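Peer 1: One structure follows; several queries about it will come next.
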Amino acid sequence: MNGALIIDFWQRGAGLEYIGKYEVQDTLGAGAHGVVLKAYDPILDRVVALKSLKPQRGSDDQVKTILREARLLARLSHPGIVTLFECLEHNGMIFLVMEYVSGRPLSERLLHGPLPVDEAIKIMTELTSALLVAHGQGVYHGDIKPANIMLGEDGRSRLIDFGLAKLSGHDDILATATSQTEVSDYVTGTLLYMSPERISGHSVDAQTDVFALGAVFYEMLTGRSPFGAENLSDALHSILNVAPPRLVNSNSEVSTWIEDLIFSMLHKDRRFRVASMVAVSAKLEARDQRNWRQEARQYANMFLRSLGRQKQTWLWLKSIIVIASVCFGLWATSIVRSNVAPTVSMRIERGLELVQGFAEKGAVEEAQKTFEDILAESSDHSAARAGLALALIREYTSQETDPATLRRAVATAQSAYDADPHLALAHIAMAWTAEFQRDFEKAHQFYDSADILHSDHPLVFEGRSRTLKKQGDVEAALLLMRRAIEVHPEDVVLLTTLGELLSRRGQFSEAEAVLEKAIRLAVDNPISYAQLAHAQHMQDRTNEAVKTIQAGLLIEGRSELYNNLGTYLFFLGLYDQAAQAFERTLEFEGNAHKYLYWANLGDAYRFMPGKSAEARFAHRRAITLLESELANRRDHPALNSRLALYQAKAGNHDLAVTALQYVFTQETIPAVQLYRATITYEIVEDRAKALEMLERAIRSGYPLSEIQGDPELRELRQDRGYAKLVLMESEND
Ligand code: ATP
Ligand code: MG
57 MNGALIIDFW
67 QRGAGLEYIG
77 KYEVQDTLGA
87 GAHGVVLKAY
97 DPILDRVVAL
107 KSLKPQRGSD
117 DQVKTILREA
127 RLLARLSHPG
137 IVTLFECLEH
147 NGMIFLVMEY
157 VSGRPLSERL
167 LHGPLPVDEA
177 IKIMTELTSA
187 LLVAHGQGVY
197 HGDIKPANIM
207 LGEDGRSRLI
217 DFGLAKLSGH
227 DDILATATSQ
237 TEVSDYVTGT
247 LLYMSPERIS
257 GHSVDAQTDV
267 FALGAVFYEM
277 LTGRSPFGAE
287 NLSDALHSIL
297 NVAPPRLVNS
307 NSEVSTWIED
317 LIFSMLHKDR
327 RFRVASMVAV
337 SAKLEARDQR
347 NWRQEARQYA
357 NMFLRSLGRQ
367 KQTWLWLKSI
377 IVIASVCFGL
387 WATSIVRSNV
397 APTVSMRIER
407 GLELVQGFAE
417 KGAVEEAQKT
427 FEDILAESSD
437 HSAARAGLAL
447 ALIREYTSQE
457 TDPATLRRAV
467 ATAQSAYDAD
477 PHLALAHIAM
487 AWTAEFQRDF
497 EKAHQFYDSA
507 DILHSDHPLV
517 FEGRSRTLKK
527 QGDVEAALLL
537 MRRAIEVHPE
547 DVVLLTTLGE
557 LLSRRGQFSE
567 AEAVLEKAIR
577 LAVDNPISYA
587 QLAHAQHMQD
597 RTNEAVKTIQ
607 AGLLIEGRSE
617 LYNNLGTYLF
627 FLGLYDQAAQ
637 AFERTLEFEG
647 NAHKYLYWAN
657 LGDAYRFMPG
667 KSAEARFAHR
677 RAITLLESEL
687 ANRRDHPALN
697 SRLALYQAKA
707 GNHDLAVTAL
717 QYVFTQETIP
727 AVQLYRATIT
737 YEIVEDRAKA
747 LEMLERAIRS
757 GYPLSEIQGD
767 PELRELRQDR
777 GYAKLVLMES
787 END
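As structure tokens, then:
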């Protein structure tokens, strides 16, 4: 029937046919399954591209398949995605009428070798932004490869061919290939961009697109596929098992951040791959800022070194010129404007900047070094001493508990203050060190005096609100932070603090907005990601929380982030993956001594088939570590509530019940401890007591949502007593 005409069309090429009003001019591409024609629209006077599928499989399939592509494409509107004008039927065949992209596919361009780095980055940014929009609409491309990327003559790249795209939540991935040879041709063409999980049957989603895009980035910079191979089985083997060769080996101009980004997109284990296009895009956006910072730092160092050898004025001049041209940040302009040598006070500024940007890798060490260098030149410099004290407090808080560091900070702050009692920075250092010695009153006195000497300093805002929080006055801390943000709206540390305080007060959606702003301002601060994830989790969006944490991990593999990741995965019932995250947490230095991490790991093992021995082992480790903490405070109720729980899980039922005695000595037992007692009794098979404890926990405000999702209480929740409890609770509401 009508198919004949089209087949004829395929065989003869374009000819002088009309399709609807469109005059066919040329064939743009004819692949295994489809044909793309160049045609002219005489009414609108423009050239278009028409795409249809070969009708071999019966027109029903053809119609369904091409309509699907049309409908997905119709949802999308972005300069980086080919525009669909309309969809028309011609002799029973469906044609997509699209914007004609004058140019060539990236695959053709790559035949001539790699692209210059700048150009590659430009295309990377365009494609990422296009996919960001597609994913935001729930459309996953599913077939990202150089042949499906058009480089327009207008200098803009476009994503084409949504023939294998998938709408999130729908599982119908179509297979248009017919014969066996076609399948293998087709697969070879696309295989090189397929993620390992896709090869083993996982459906198309955000992360399979991330992987494919990573492979395209790699190829743009090296001219080679990361998994290049002679044949299909070698390619398969490389994708599944072999790490791609370093990019810098084939292109020395590739900076490490690009390489890091691409390798994290190509991670074989999707749990550790960049989680989303949002994260890819954030990394790309961060580039300018990072380059700026890196270069500024580099030249600032050169600058500082020149201080010592002032005869070499040329170096000096050169640095001024370079700085002025590289960055127009405050740093540079102030140097140029004041037209003086980088003074000690500029170095102090730099050190303080690092104290403020402490979350960045290496910042605290660099800050200390900056101040120590100044003190090596003039040992009585009070500002440098104060700065050093602050940097030492940062170190102290990051490692938690090295008392020697705190002692050094205290002495350094005191000596700064003694040397110059009118220096605001010395007052701040005094306040901070007092706070960490838990002398809150003294801390507030010094914050007040610092405020008089220098009002609204961000380090005062930060420290004072932290102090208030430690004193239990979250409300006051929050008020203070709101004011701080009015004065310093772009201070990332203050924003993160505000976000955290909002979360504490249960204002999660506001917290989320604040933390998102913090991340936009500094994508490199892993703490903001942890806080944002918490806010998402608390709003029942644990799936998103997982992705956020993964984005944070991309920036820095911090142990707290792994621990949070594990907690969320556990919550989602993904015990196996949760266990892996907890294992990684424990691998970090010092963490093997923390009972909480062992207990978390044990919990994940508890719900994995065949892992009960490992689970008990992990809980026993937790018990040993916890007991050493209990040595001097045998009757500590909170710690004993944990001990009881761990003993029960380790199979020591009697010891569990014994530990609980210390919990019951309190006049009012906090909800969380009552909840731990619930689980302890449930595990030691005292259901009546478990229900009694649960009732008290609920009355004390323990959230029902936690109880309903806790796998430890799976059986208890079937109990009639539990049904009664829930009923009671809902009546109380
Ligand atoms: P394949 O099976 O080879 O992937 P396909 O049948 O799915 O092909 P497309 O990938 O959409 O079809 O297009 C095939 C080729 O046609 C492209 O590689 C490109 O050269 C050309 N082409 C597609 N769309 C356009 C367009 N809008 N403008 C210009 N050329 C286009
Ligand atoms: Mg294609």
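Start counting the sequence shown at 57; every next residue gets the next number (this note's numbering). Think of the CB as a built atom: it goes at the ideal place given N, C-alpha and C, for glycine as much as any other residue. Bear in mind the structure is a predicted one, so any value in this text is a computation, not a measurement.
(1) Does the beta-carbon of E154, which I'm using as the reference point, lie nearer than 6 Å to any heavy atom of the ligand ATP?
(2) Beta-carbon separation of S435 and L479 under 7 Å?
(3) Put D97 into one of helix, strand or coil per three-state DSSP.
(4) What would DSSP say about W372, mapped onto helix, strand or coil?
(5) Looking at the ligand MG, does it come within less than 6 Å of D265, judged from the CB to the closest heavy atom?
(6) What does DSSP give as the partner residue(s) for P161 in the beta ladder?
(7) Residues in its own chain within less than 7 Å of K417 by CB, not counting five upstream and five downstream?
(8) If you draw a straight line from the alpha carbon of E556 to that of R614, how long is it in whole angstroms?
(9) Bridge partners for V104 per DSSP, in chain order?
(10) At a cut-off of 6 Å, would you count D217 as near the ligand ATP, judging by its Cβ distance to the nearest heavy atom?
(11) Does DSSP put K425 in a helix, a strand or coil?
(12) Is any non-hydrogen atom of the ligand MG found closer than 6 Å to the C-beta of N647, if you look at the structure I gave you?
(13) What would DSSP say about H809, mapped onto helix, strand or coil?
(14) Hey, is the stretch 421-435 in contact with the stretch 532-544, meaning 3+ C-beta pairs nearer than 8 Å?
(15) Under three-state DSSP, which class holds L109?
(16) Is there at least one non-hydrogen atom of the ligand ATP closer than 6 Å to the beta-carbon of P202?
(17) Counting only the same chain and skipping the five closest in sequence on each side, list residues whose C-beta sits under 6 Å from that of V740.
(18) Give me the residue from S454, R450, P459 and R677 with the minimum Cα distance to A485.
(19) Looking at the unbroken beta strand (DSSP E) that takes in D791, where does it start and where does it end?
(20) Could you spell out the range, first to last residue, of the alpha helix (DSSP H) harbouring R539?
(21) Determine the extent of the beta strand (DSSP E) in which L772 is found, giving its start and end residues.
(22) If L588 sits next to E566, beta carbons under 8 Å apart, how far is it from one beta carbon to the other, in whole angstroms?
(23) What is the DSSP secondary structure of M149, counted as helix, strand or coil?
(24) Hey, how far is the Cα of R494 from the Cα of Y758?
(25) Excluding sequence positions up to five away, which residues of its chain have a Cβ less than 6 Å from the Cβ of R773?
(26) Quick check: the stretch 174-194 against the stretch 330-343, are at least 3 beta-carbon pairs closer than 8 Å?
(27) Examine the ligand ATP and report whether any of its heavy atoms sits within less than 6 Å of the Cβ of P172.
(28) Buried or exposed: where does E40 fall if 16 or more other Cβ atoms within 10 Å of its Cβ makes it buried?
(29) With a 10 Å radius around its C-beta and 16 neighbouring C-beta atoms as the bar for buried, classify Y196 as buried or exposed.
(30) Which of helix, strand or coil does DSSP assign to F359?
(31) Can you find at least 3 beta carbon pairs, one from the stretch 163-178 and one from the stretch 276-292, that sit closer than 8 Å?
(32) What is the residue span of the alpha helix (DSSP H) that R676 lies within?
(33) Within 10 angstroms of the Cβ of F720, are there 16 or more other Cβ atoms? Answer buried if so, exposed if not.
(34) DSSP state of I75, grouped into three classes?
(35) Using a Cβ-Cβ cut-off of 6 Å (strictly less than) and excluding sequence neighbours within five positions of P545, which residues of its own chain qualify?
Peer 2: In short:
(1) Sequence check: residue 154 is Met here, not Glu. Flag set: Cβ of M154 near the ligand ATP.
(2) Contact check for S435 against L479 fails: the beta carbons are separated by 7 Å or more.
(3) If DSSP states are grouped into helix, strand and coil, D97 belongs with the strands.
(4) Only weak support is given to the placement of W372: the predicted model assigns it a pLDDT of 39, under 50, and the value that follows is read from those uncertain coordinates. Looking at W372 - three-state DSSP - the assignment turns out to be helix.
(5) Not one heavy atom of the ligand MG is found less than 6 Å from the C-beta of D265.
(6) The bridge partners DSSP lists for P161 are M206.
(7) If we look at K417 and ignore the five residues flanking it on each side, its Cβ neighbours are E612.
(8) CA-CA distance, E556 to R614, rounds to 18 Å.
(9) Beta bridge pairing from DSSP links V104 with A95 and E155.
(10) Checking every heavy atom of the ligand ATP against the Cβ of D217, one is found closer than 6 Å.
(11) Here K425 sits in helix by DSSP.
(12) Every heavy atom of the ligand MG is 6 Å or more from the Cβ of N647, so no.
(13) Because the chain spans 57 through 789 in this model, residue 809 falls outside it and cannot be assessed.
(14) With the cut-off at 8 Å, the stretch 421-435 and the stretch 532-544 do not touch.
(15) L109 falls in the strand class under three-state DSSP.
(16) It does not: the Cβ of P202 is nowhere closer than 6 Å to a heavy atom of the ligand ATP.
(17) Contacts found: A704, H709 and A712.
(18) Closest in alpha carbon position to A485, among S454, R450, P459 and R677, is R450.
(19) The requested residue 791 is not part of the displayed model; the chain covers only 57 to 789.
(20) That run of the alpha helix (DSSP H) goes V530 to V543.
(21) No beta strand (DSSP E) contains L772, which DSSP labels as neither H nor E.
(22) Contact between L588 and E566 is ruled out by a C-beta separation of about 12 Å, above the 8 Å threshold.
(23) Three-state result, M149: strand.
(24) Rounded to whole angstroms, R494 to Y758 spans 30 Å at the Cα level.
(25) If we look at R773 and ignore the five residues flanking it on each side, it has no Cβ neighbours.
(26) Below 8 Å, enough C-beta pairs join the stretch 330-343 and the stretch 174-194 to call them touching: three or more.
(27) Incorrect: P172 has no Cβ contact closer than 6 Å to the ligand ATP.
(28) The first residue shown for the chain is 57 and the last is 789, placing residue 40 beyond what the model contains.
(29) So Y196 counts as buried.
(30) Caution is warranted here: a pLDDT of 31 is assigned to F359, below 50, making its placement in the model unreliable, and the coordinate value is therefore given only provisionally. Here F359 carries a helix assignment [DSSP, helix/strand/coil].
(31) Under the Cβ criterion (8 Å, minimum of three pairs), the stretch 163-178 counts as touching the stretch 276-292.
(32) Annotation for R676: the continuous alpha helix (DSSP H) segment containing it runs S668 to L686.
(33) Result: exposed.
(34) DSSP, read as helix, strand or coil, puts I75 in strand.
(35) Around P545, the same chain offers no residue with a beta carbon nearer than 6 Å, after the five sequence neighbours per side are excluded.
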